[in-house]
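In terms of the UniProt record's numbering, the sequence shown has 2 at position 2, counting the first letter as 1, and numbering is strictly consecutive. A quick write-up on the structure given underneath.
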Amino acid sequence: MDYTVGEVELTYKSTSKSRNKIYSSEDAYEVLLSTYKKGTICYKEYFKVLFLNQAKQVLGYTLISEGELLKLVLI
Numbered sequence: 001m002d003y004t005v006g007e008v009e010l011t012y013k014s015t016s017k018s019r020n021k022i023y024s025s026e027d028a029y030e031v032l033l034s035t036y037k038k039g040t041i042c043y044k045e046y047f048k049v050l051f052l053n054q055a056k057q058v059l060g061y062t063l064i065s066e067g068e069l070l071k072l073v074l075i
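Written out as C-alpha cells, the structure is:
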C-alpha cells in the first residue's frame, strides 16, 4: 500500500510581552496550575505541554489529552 499524508504546521503568535521564567519544577507547576478550570483538576487526568524558549521563558501551553480519573489515553 502507498500512503500519502498531509503535513500539519503549527504557528505561534505571542499575546504577551511579559513571560514567566521556569527555574524549577515548582515554577512549571504554578504556571500549569493556572491553566486549569477551577474544580476540574481533581476529577480528571490531563496531559499538558508547556513550551519554553531557550531563555526558559514560557511561550505557551497546549492540552494533548484529557482522560478520566484513573486513566488517560494517548494516541
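Just so you know, even glycine gets a beta-carbon here, dropped at the ideal spot from N, CA and C. Predicted, not measured: the structure shown is a model, and the values here were computed from it.
My output table needs one value for residue i: the three-state DSSP class, helix, strand or coil.
i	result
S65	strand
Y29	helix
V46	The sequence given here has Tyr at residue 46, not Val. If DSSP states are grouped into helix, strand and coil, Y46 belongs with the strands.
K21	strand
What's the C-alpha gap between residue i and residue j?
i	j	result
G67	Y46	6 Å
M1	T40	44 Å
R19	L63	19 Å
T35	Y3	38 Å
Within the same chain, show all residues whose beta-carbon is closer than 8 Å to that of residue i, passing over the 5 residues directly before and after it, in chain order.
i	result
A55	K21
L52	I22, V58 and L59
Have a look at the DSSP bridge pairing and note the partners of residue i.
i	result
L52	V58
Under 7 Å Cβ to Cβ from residue i, same chain only, skipping five residues before and after it: list those, please.
i	result
V8	none
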